[in-house]
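In the working numbering, the protein residues as written are 6 to 119. Where a beta carbon is used, it is the ideal one built from N, C-alpha and C, also for glycine. A quick note: this is a predicted structure, and the numbers were derived from the prediction, not measured.
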Amino acid sequence: MDLDKLSQHLRENGFNAVLKDGKVRVKWGWSTLPVNIENDPATGILAINYNQLAQLCLIGLFSFMTFASFSWGSFLSSGAYFAIAMVSLANLLLTESNAKELRQHIRQMVIPTE
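In structure tokens:
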């Protein structure tokens, strides 16, 4: 599948898609992570991915810092760490929801070959 045509088709359907470094990058806004679409030439399958592992590590780190700060008696910083962890979790869930919508949209669209 030609990623240039895919990028153009996504833009025509209202997605903020940009072709960059052999990947189509789709952005939704400030509250979600950008999603990358790559084409595997060996199998011809599109791979839709985003940086889930880093986001999960960030959530884990701030959750740990929440409980560590709480045990040290620093309740203000504990609350701030908890808020950051919850915003990161919401960010991850919103990105997954948008990536699922993008997957469904790509499955349903027909891209002309010529």
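- Annotation: S83 to F69 spans about 10 Å, alpha carbon to alpha carbon.
- Per DSSP, N44 is not a residue of any alpha helix (DSSP H); the beta strand (DSSP E) it occupies stretches across V40 to D45.
- By the CB criterion at 9 Å, L8 and I111 fall outside the cutoff.
- Going by DSSP, N56 is part of no alpha helix (DSSP H) at all; its letter is neither H nor E.
- In the three-state reduction of the DSSP assignment, N103 falls in the helix class, which pools H, G and I.
- Counting only the Cα atoms, L81 lies some 40 Å from I42.
- In the three-state scheme derived from DSSP, where H, G and I count as helix and E and B as strand, N96 is classed as helix.
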